[in-house]
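A.B. asks: Numbering (the working numbering), first residue to last: 1292 to 1535.
From the three backbone atoms N, C-alpha and C, an ideal C-beta is built for every residue, glycine too.
Right, I'll just put the structure down here and ask away after.
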Ligand code: PEP
C-alpha cells in the first residue's frame, strides 16, 4: 500500500524537519506499506535528508517541466528534482490541469520525461463535477490515461491516482464503492494499453482519518493521495496506520 502526502504550497524546509520528527515518533513501519511525501520543491532536499535510512519512506516532487533544462522561470526539471532527492513526481494533478491549464498532451510529455529520468511517475486523473453529473467519469478518465500513457512501457515505474476534482479539498469524497468502480475501469484501460493491471491505483479527494480505512478496504484501492489531512503529523500518521 502506498500513502502519498501532497503538501501543495505548504511546509518549508524547517517546518518539514519538525513535521518529520513528530511523524517518525508516531509512525510504526508496516511490511508492504510505503509512505511518500510530496513537499514544495524548496523542501525536497530537507525531507530527503531527514528520511535517509528509513527505507519505507520517500520523497517526490509535485511537478516538473518535461524539458531537461532551459529558460522556464519557476519550473524544475526531472534531473533537478532527482538531484534534490526526489524518487517520484506527481504528474497532472488536478490543480496543474485546472488552475495552471496544463493539457493532456503536456501531461503526457511530463510522464515520458519522468520515466526517462528514472523516477516514478504518479499520474493523477479525475473528472470535474459537471462531467460526473453528465455521466462522463469513465470517458474523461480514459481520455486522460490514454493521452498520458501512450507509448509507456509495461515495465515503467508508474502509479495512477484517481482524484475526482470535486472531491479535492472540498470535504466531499467519492463513496468507497464508487471509487472502487472507477479504479476497476482504470485497470481495464491500463490492460488495453498493454500496461499491468497490477499498477498501483490510489484514491485521492478529502481522505481523512475517519474515512481512510473504508476506502482502503476496497479491493481495487491500493493506497491514498492526501492533501489537507497530510499537513498535520497526527492526522497523517493516523491515516498511514489505516488499512492494515
Ligand atoms: C490532493 O491534493 O491531491 C488532495 C487529494 O487533496 P485533499 O486531500 O485536501 O482533498
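My assumption, with CB atoms under 8 Å, is that residue 1371 sits in contact with residue 1412. Please give the rounded CB distance.
C.D. replies: Position 80 of the chain shown, counting from 1, holds the residue named residue 1371. Position 121 of the chain shown, counting from 1, holds the residue named residue 1412. Rounded, the Cβ-Cβ distance is 16 Å, inconsistent with contact.
A.B. asks: In three-state DSSP terms, what is residue 1314?
C.D. replies: Taking the chain shown and counting its residues from 1, the one referred to as residue 1314 is at position 23. The answer is helix: DSSP assigns residue 1314 an H, G or I state.
A.B. asks: If we ignore side chains and look at the alpha-carbon of each, how far apart do residue 1461 and residue 1387 end up?
C.D. replies: Position 170 of the chain shown holds residue 1461. Position 96 of the chain shown holds residue 1387. Their backbone Cα atoms lie some 17 Å apart in a straight line.
A.B. asks: Confirm the yes/no value for this check: CB of residue 1297, any heavy atom of ligand 1, distance under 7 Å.
C.D. replies: Numbered from 1 along the chain shown, position 6 holds the residue referred to as residue 1297. Yes, the Cβ of residue 1297 comes within 7 Å of a heavy atom of ligand 1.
A.B. asks: Given a threshold of 16 other Cβ atoms within 10 Å of its Cβ, counted over all protein chains shown, does residue 1392 qualify as buried or as exposed?
C.D. replies: Counting from one through the chain shown, the residue named residue 1392 turns up at place 101. Per the 10 Å Cβ criterion, exposed.
A.B. asks: Using 10 angstroms around the beta-carbon of residue 1341, count the other beta-carbons present and answer buried if the total reaches 16, otherwise exposed.
C.D. replies: Residue 1341 sits at position 50 when you count from the first residue of the chain shown. Classification for residue 1341: buried.
A.B. asks: Tell me where the alpha helix (DSSP H) around residue 1403 begins and ends.
C.D. replies: Along the chain shown, read from residue 1 onward, the residue named residue 1403 stands at position 112. Element bounds for residue 1403: 1395-1407.
A.B. asks: Among residues of its own chain, excluding the 5 on either side of residue 1405, which ones have a beta-carbon nearer than 7 Å to its beta-carbon?
C.D. replies: Here residue 1405 refers to the residue found at position 114 of the chain shown. Excluding residues within five positions, the ones whose Cβ falls inside 7 Å are 1355, 1369, 1380, 1382 and 1412.
A.B. asks: Look at the alpha carbon of residue 1518 and the alpha carbon of residue 1294, and state the distance between them as a whole number of angstroms.
C.D. replies: By 1-based counting over the chain shown, the position of residue 1518 is 227. By 1-based counting over the chain shown, the position of residue 1294 is 3. Answer to the nearest angstrom: the Cα atoms are 11 Å apart.
A.B. asks: Considering only the beta carbon of each residue, do residue 1457 and residue 1420 sit closer than 8 Å?
C.D. replies: The residue given as residue 1457 occupies position 166 in the chain shown. The residue given as residue 1420 occupies position 129 in the chain shown. Taking 8 Å as the Cβ cut-off, residue 1457 and residue 1420 qualify as a contacting pair.
A.B. asks: Under the DSSP definition of a beta bridge, which residues are partnered with residue 1333?
C.D. replies: Translated into positions along the chain shown, residue 1333 becomes position 42. Beta-bridge pairing links residue 1333 to no other residue.
A.B. asks: Quick check on the DSSP output: what are the complete beta strand (DSSP E) runs of length 3 or more inside the segment 1473-1520, in order along the chain?
C.D. replies: Taking only runs of at least 3 residues, the beta strand (DSSP E) segments lying wholly in the segment 1473-1520 are 1492-1495 and 1514-1517.
A.B. asks: Report the three-state DSSP secondary structure of residue 1297 (helix, strand or coil).
C.D. replies: For the purposes of this step, residue 1297 is identified with residue 6 of the chain shown, where counting begins at 1. It is a strand residue.
A.B. asks: If you draw a straight line from the alpha carbon of residue 1331 to that of residue 1500, how long is it in whole angstroms?
C.D. replies: By 1-based counting over the chain shown, the position of residue 1331 is 40. By 1-based counting over the chain shown, the position of residue 1500 is 209. The alpha-carbon atoms of residue 1331 and residue 1500 are separated by roughly 23 Å.
A.B. asks: Contact check, residue 1402 vs residue 1440 under 8 Å by CB: the rounded distance?
C.D. replies: In the chain shown, residue 1402 corresponds to position 111, counting from 1. In the chain shown, residue 1440 corresponds to position 149, counting from 1. Indeed, because the Cβ distance is near 7 Å, the residues count as touching under 8 Å.
A.B. asks: Note down the Cα distance separating residue 1529 from residue 1513, rounded to an integer number of angstroms.
C.D. replies: Sequence index remark: in the chain shown, residue 1529 carries index 238 (1-based). Sequence index remark: in the chain shown, residue 1513 carries index 222 (1-based). Roughly 17 Å separates the two Cα atoms.
A.B. asks: Run through DSSP, which three-state label would residue 1530 get?
C.D. replies: Walking along the chain shown from the start, residue 1530 turns up at place 239. Note: residue 1530 maps to helix in three-state DSSP.
A.B. asks: Are residue 1453 and residue 1485 touching if we call contact CB-CB under 8 Å?
C.D. replies: Position 162 of the chain shown holds residue 1453. Position 194 of the chain shown holds residue 1485. Not a contact, by the Cβ cut-off of 8 Å.
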